[in-house]
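In terms of this note's numbering, the sequence shown is residues 5 to 173. Yeah, the Cβ is synthetic: ideal placement off N, Cα and C, and Gly gets one too. Heads up, the thing below is written out as structure tokens.
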Amino acid sequence: MIDLIKQYKETLNQLLVVKEKANAQENERDKKIINGMISDIEDSLKWMRTGKEPGLKRGIERRASYQREVKVNPLLIQRYLRSKETEYEWDKEQKENAITTWEKIQLDDALSTLTKTEKEIFVMYKAGMFTQEEIAKMRGVTRSTVQQNLRRADKKIAQQVKESLFCMN
Numbered sequence: 005m006i007d008l009i010k011q012y013k014e015t016l017n018q019l020l021v022v023k024e025k026a027n028a029q030e031n032e033r034d035k036k037i038i039n040g041m042i043s044d045i046e047d048s049l050k051w052m053r054t055g056k057e058p059g060l061k062r063g064i065e066r067r068a069s070y071q072r073e074v075k076v077n078p079l080l081i082q083r084y085l086r087s088k089e090t091e092y093e094w095d096k097e098q099k100e101n102a103i104t105t106w107e108k109i110q111l112d113d114a115l116s117t118l119t120k121t122e123k124e125i126f127v128m129y130k131a132g133m134f135t136q137e138e139i140a141k142m143r144g145v146t147r148s149t150v151q152q153n154l155r156r157a158d159k160k161i162a163q164q165v166k167e168s169l170f171c172m173n
């Protein structure tokens, strides 16, 4: 890497000499091309010295964790997608967290009365492990709006569980 940096520095010095000649001749087209080459070489040198792309205030490696990662409850996904009825020879894991097809139907029925917004907020809060404040920021609403949607969703689900034939045990 040190040899490469030396070579780039030599090239930069050569370009600066050529730029002076182009300035003396007042050749605008050549000056523009040479300035672009100098800029590229300088950026490459900065990148080699620092290990970061020049010009960026924050590279992706320095982004806050909430910008890089999404919280997901792996047990929820496992419960929702993995069935107790399906058996595979290679699948030796204990299935206490899996739900049956019938339980999935009941869950879908209980959530069926919610609006799209209520369902998204409810799932983000109950299963997605997001706080009400995080949900509010993501959706661009106030925390009280999130609370109101959660209360409404809880009432609708309770009503559906009470009245639905699918949700009766």
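Under a 10 Å Cβ-count criterion, residue 120 is classified as exposed, with fewer than 16 other Cβ atoms of the shown protein chains found around its own Cβ. The C-beta distance from residue 19 to residue 38 rounds to 6 angstroms, short enough to meet the 8 angstroms contact threshold.
DSSP places residue 39 inside the alpha helix (DSSP H), whose first and last residues are 32-54. For residue 13 against residue 26, the beta-carbon gap comes to about 20 angstroms, at or over 8 angstroms, which does not count as contact. Taking every protein chain shown into account, the CB of residue 28 has fewer than 16 other CB atoms within 10 angstroms, so this residue is exposed. The straight-line gap separating the alpha-carbon atoms of residue 105 and residue 50 is approximately 58 angstroms. Here DSSP, grouped into helix, strand and coil, assigns residue 118 to coil.
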